[in-house]
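Line order of the protein sequences matches chains U and R.
In this text, residue positions in the first sequence follow the UniProt record's numbering: the first is 1, and each later residue adds one.
In this text, residue positions in the second sequence follow the UniProt record's numbering: the first is 1, and each later residue adds one.
Heads up, the thing below is written out as structure tokens.
Number of protein chains: 2
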Amino acid sequence: MSERNDRKVTRATADLVAREANVSRIAVSRAFNPNASLKPEKRDRILKIARELNYTPDMAARSLVTRRSHLVGMIVPDVCSPWESQEIDALTTALQAEGFATLLFKVKADFSMDQTLLTYMRGFNPDSVIAFTENVEPAVLSGFLDRAVPVYIIYDDAEEFAAKRSTSLYDRLVVRQKEGIEQAVALLQGYGARRVAYLGGKRQSLANTERERIITQVLAERGMAPPVVVPGDYTYDTAYRATLDLFRVGDGADAIFASNDVAAFGAIDALRHELSLSVPGDVKVVGFDDIPQSHWKSYNLTTVRIDLADRVRALVRLILRRLKTPGADPLVETLSTRLVVRGTVG
Amino acid sequence: MSERNDRKVTRATADLVAREANVSRIAVSRAFNPNASLKPEKRDRILKIARELNYTPDMAARSLVTRRSHLVGMIVPDVCSPWESQEIDALTTALQAEGFATLLFKVKADFSMDQTLLTYMRGFNPDSVIAFTENVEPAVLSGFLDRAVPVYIIYDDAEEFAAKRSTSLYDRLVVRQKEGIEQAVALLQGYGARRVAYLGGKRQSLANTERERIITQVLAERGMAPPVVVPGDYTYDTAYRATLDLFRVGDGADAIFASNDVAAFGAIDALRHELSLSVPGDVKVVGFDDIPQSHWKSYNLTTVRIDLADRVRALVRLILRRLKTPGADPLVETLSTRLVVRGTVG
DNA sequence: TTGTACGCGTTATCAT
DNA sequence: ATGATAACGCGTACAA
Numbered sequence: 001m002s003e004r005n006d007r008k009v010t011r012a013t014a015d016l017v018a019r020e021a022n023v024s025r026i027a028v029s030r031a032f033n034p035n036a037s038l039k040p041e042k043r044d045r046i047l048k049i050a051r052e053l054n055y056t057p058d059m060a061a062r063s064l065v066t067r068r069s070h071l072v073g074m075i076v077p078d079v080c081s082p083w084e085s086q087e088i089d090a091l092t093t094a095l096q097a098e099g100f101a102t103l104l105f106k107v108k109a110d111f112s113m114d115q116t117l118l119t120y121m122r123g124f125n126p127d128s129v130i131a132f133t134e135n136v137e138p139a140v141l142s143g144f145l146d147r148a149v150p151v152y153i154i155y156d157d158a159e160e161f162a163a164k165r166s167t168s169l170y171d172r173l174v175v176r177q178k179e180g181i182e183q184a185v186a187l188l189q190g191y192g193a194r195r196v197a198y199l200g201g202k203r204q205s206l207a208n209t210e211r212e213r214i215i216t217q218v219l220a221e222r223g224m225a226p227p228v229v230v231p232g233d234y235t236y237d238t239a240y241r242a243t244l245d246l247f248r249v250g251d252g253a254d255a256i257f258a259s260n261d262v263a264a265f266g267a268i269d270a271l272r273h274e275l276s277l278s279v280p281g282d283v284k285v286v287g288f289d290d291i292p293q294s295h296w297k298s299y300n301l302t303t304v305r306i307d308l309a310d311r312v313r314a315l316v317r318l319i320l321r322r323l324k325t326p327g328a329d330p331l332v333e334t335l336s337t338r339l340v341v342r343g344t345v346g
Numbered sequence: 001m002s003e004r005n006d007r008k009v010t011r012a013t014a015d016l017v018a019r020e021a022n023v024s025r026i027a028v029s030r031a032f033n034p035n036a037s038l039k040p041e042k043r044d045r046i047l048k049i050a051r052e053l054n055y056t057p058d059m060a061a062r063s064l065v066t067r068r069s070h071l072v073g074m075i076v077p078d079v080c081s082p083w084e085s086q087e088i089d090a091l092t093t094a095l096q097a098e099g100f101a102t103l104l105f106k107v108k109a110d111f112s113m114d115q116t117l118l119t120y121m122r123g124f125n126p127d128s129v130i131a132f133t134e135n136v137e138p139a140v141l142s143g144f145l146d147r148a149v150p151v152y153i154i155y156d157d158a159e160e161f162a163a164k165r166s167t168s169l170y171d172r173l174v175v176r177q178k179e180g181i182e183q184a185v186a187l188l189q190g191y192g193a194r195r196v197a198y199l200g201g202k203r204q205s206l207a208n209t210e211r212e213r214i215i216t217q218v219l220a221e222r223g224m225a226p227p228v229v230v231p232g233d234y235t236y237d238t239a240y241r242a243t244l245d246l247f248r249v250g251d252g253a254d255a256i257f258a259s260n261d262v263a264a265f266g267a268i269d270a271l272r273h274e275l276s277l278s279v280p281g282d283v284k285v286v287g288f289d290d291i292p293q294s295h296w297k298s299y300n301l302t303t304v305r306i307d308l309a310d311r312v313r314a315l316v317r318l319i320l321r322r323l324k325t326p327g328a329d330p331l332v333e334t335l336s337t338r339l340v341v342r343g344t345v346g
């Protein structure tokens, strides 16, 4: 009964390898744990036989006793948005190299992070969780995910924000957007822009509200009028229509600061292909993120760059550190931004 | 000792819930299994207390006994390519609705699907595996993944192909590319194209070789010259450079059939912004996939569409069926393609 | 409907 | 360096 079962393919277990190699089951376990002490020659023999039998330790069984699932949960609203897909790609690569697998969860696009999902997710016991959606209360998330390390990506004014959301107890990544925004506004001003519009992203997005706040602040500091704020949602289509509205119903603008690159593309296409305006001749456009598409010749977008590699490195650093020393004090990683000048301003 | 441990947060277990609700641990288990028989009122009380205690059944422990991990592995070379990120998004959404979580694994871009990854992956015991990389031998994959259901996406001439790769033992999805390609070639011919170039994708990609083969075949059937084949790799930058080569070093073409939409964008930008040729005036361009970017006004690409929703539905169907009836005969799902006419031909 | 006993595959503990 | 034993948290057969 326990010797043979009728499943088509019977998965090799440590016991099978042990029997085949004439060692104890424990020795097999140790062979797969580099730290365990085992006579090298014995380990080699075991690993060889394991390979022949196509044996791999079962992570589920292992996690049951080690309390480490080697799973990292990622919560995303849209896998197919260029920025996020890039980030998922880079994170998955980096984590895979460290022995962690990516567990992907999708939340509804309206950012309603329902408890259902978190409960569901918790069943998998991820060692860590990366939340891209910035509108989750730390308390909610950490309450649900015992073993997990919530990592929050917040923007500027980190300390003030942390205090407000009582998030200072958690590891977090701070993106200093102001630097890049200042450079962008300076460039726009230098080329004579007077009436700047801000093409917003999703209302609930923290990145968006912070971008709007900082742009307003920087414009004021430079003696310029406050931005005309046009609502959007980070998508091409919405940006396209919003730009048409701005110029047909509204009073237009001589510069558009978009909340991300994709929205900038929508604005550019509306200006050029429907409003017959020239970019940057009639209207200057600046984006945010610097996704690969931004250097495509049809757009050649001037944009505020967030360095993806740096960002991913910082995140992985936070995760690994928290995993190694669970009791350590919360750590803050900081990331700066800078303007990448291409052809849509000037 | 087993009553209290010193971990900061102690995960609620079925035992704890049972104690709190004054029921047996088994009752808790049953409360979470809809099929199990349990007095409704009792179940409700248990579920309520479970919610209060923030309890979720541990999937790892559960999978150990049920032999179902509720994990679906996805193997991708590039998360950030538009088509794949779309597909990952849709699949994750669909699978999540069915109670499965997506486990993401990245393979090297050169398609070298190394056994290391598969071994690593097998440790997680995914219930099913979707391989986007089309160059994995079924035998290799199935040998490594006992519990998994390899799903292969192959193109046209399914039976011939199946026989050649001895893949007929597995579930598979067949994409009939010929229909869309025929429509595209007819359109090109109708608008006077005579010299058609095929801008290739990754050499190892099965989709690519099949596309080239079918285009050649269709051109012949319509009495047109064979295509000028230009090597590429599905990326914008390579397509851009390849197009420059084609017109500066080579003899040019009056129509370019790109292996995917992104490559088509690269070709269009090279033609318009560097070679000062008009699209579609001087050169007509057709893509493949119909990603969201294809309707962006700057490109407005005529392209062969593969319906993503249909494709994902078919894949999920295959997976769920195989999970429910492991012994069932291999099933073939078929998908057709059609031309979406926009502004780059004619 | 409910409870008992056991096993899933692995590692930790404590021996030797 | 190695081996025996006891967990880890859960589902299932079986009995009640």
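All C-beta atoms in this analysis are idealised placements derived from N, C-alpha and C, irrespective of residue type, glycine included.
Would you call the CB atoms of residue i and residue j closer than 9 Å?
i                      : j                      : result
residue 335 of chain U : residue 183 of chain U : no
residue 46 of chain R  : residue 27 of chain R  : yes
residue 197 of chain U : residue 132 of chain U : no
residue 192 of chain U : residue 232 of chain U : no
residue 85 of chain U  : residue 88 of chain R  : yes
residue 42 of chain R  : residue 23 of chain R  : yes
residue 100 of chain U : residue 71 of chain U  : yes
residue 313 of chain U : residue 94 of chain U  : yes
residue 242 of chain R : residue 267 of chain R : yes
residue 299 of chain U : residue 264 of chain U : yes
residue 269 of chain U : residue 236 of chain U : yes
residue 290 of chain U : residue 311 of chain U : no
residue 301 of chain R : residue 283 of chain R : no
residue 60 of chain U  : residue 69 of chain R  : yes
residue 129 of chain U : residue 104 of chain U : no
Answer with buried or exposed for residue i, where buried requires no fewer than 16 other C-beta atoms within 10 angstroms of its C-beta.
i                      : result
residue 319 of chain R : buried
residue 211 of chain R : buried
residue 116 of chain R : exposed
residue 172 of chain U : buried
residue 15 of chain R  : exposed
residue 205 of chain U : buried
residue 276 of chain R : exposed
residue 66 of chain R  : exposed
residue 1 of chain R   : Any reading at residue 1 of chain R needs caution, since the residue's pLDDT is 30, under 50, leaving its predicted position unreliable; the model's value is listed next. That one is exposed.
residue 248 of chain U : exposed
residue 203 of chain R : exposed
residue 122 of chain R : buried
residue 218 of chain U : buried
residue 30 of chain U  : buried
Where does the unbroken beta strand (DSSP E) through residue i begin, and where does it stop?
i                      : result
residue 355 of chain U : Because residue 355 of chain U is not part of the residues shown, which for chain U are 1 to 346, the question remains open.
residue 289 of chain U : 284-289
residue 337 of chain U : 332-340
Mind listing the chain R neighbours of residue i? Cutoff is C-beta to C-beta under 8 Å, in chain order.
i                      : result
residue 127 of chain U : The contacting residues do not exist; residue 127 of chain U stays about 12 Å from chain R at best.
residue 92 of chain U  : 79, 104, 105 and 106
residue 217 of chain U : Here the premise fails: no neighbours, minimum Cβ distance about 32 Å.
Who are the neighbours of residue i on chain R, taking C-beta pairs under 9 Å?
i                     : result
residue 88 of chain U : 79, 80, 85, 88 and 104
Locate the alpha helix (DSSP H) running through residue i, then write down its first and last residues.
i                      : result
residue 240 of chain U : 236-248
residue 63 of chain U  : 59-66
residue 19 of chain R  : 14-21
residue 29 of chain U  : 25-31
residue 314 of chain U : 308-324
residue 176 of chain R : No alpha helix (DSSP H) contains residue 176 of chain R, which is instead part of the beta strand (DSSP E) from 172-176.
For a contact meaning CB atoms closer than 7 Å, what does residue i contact in chain R?
i                      : result
residue 69 of chain U  : 60
residue 265 of chain U : 296
Find the residues of chain U that neighbour residue i, judging by a C-beta separation of less than 7 Å, and give them in chain order.
i                      : result
residue 269 of chain R : 296, 297 and 298
residue 124 of chain R : 59 and 101
residue 119 of chain R : 56
### Query
Using a Cβ cut-off of 7 Å, which residues of the UniProt domain "HTH lacI-type" (17-66) of chain U contact any Cβ in chain R, in chain order?
Per Cβ criterion, the list reads 54, 56, 57, 58, 59, 60, 61, 63 and 64.
Quiz item: According to a CB-to-CB cut-off of less than 8 Å, which residues of the stretch 221-246 of chain U neighbour chain R?
Solution: Answer in chain order: 236 and 240.
Query - Short-range partners of chain R found in the stretch 297-318 of chain U, where Cβ spacing is below 9 Å - result: The residues in question are 297, 298, 299 and 300.
task: Taking a Cβ distance cut-off of 8 Å, strictly less, list which residues of the stretch 174-186 of chain U are near chain R, in chain order.
output: Within the stretch 174-186 of chain U, contact with chain R at the beta-carbon level (separation under 8 Å) is assigned to no residue.
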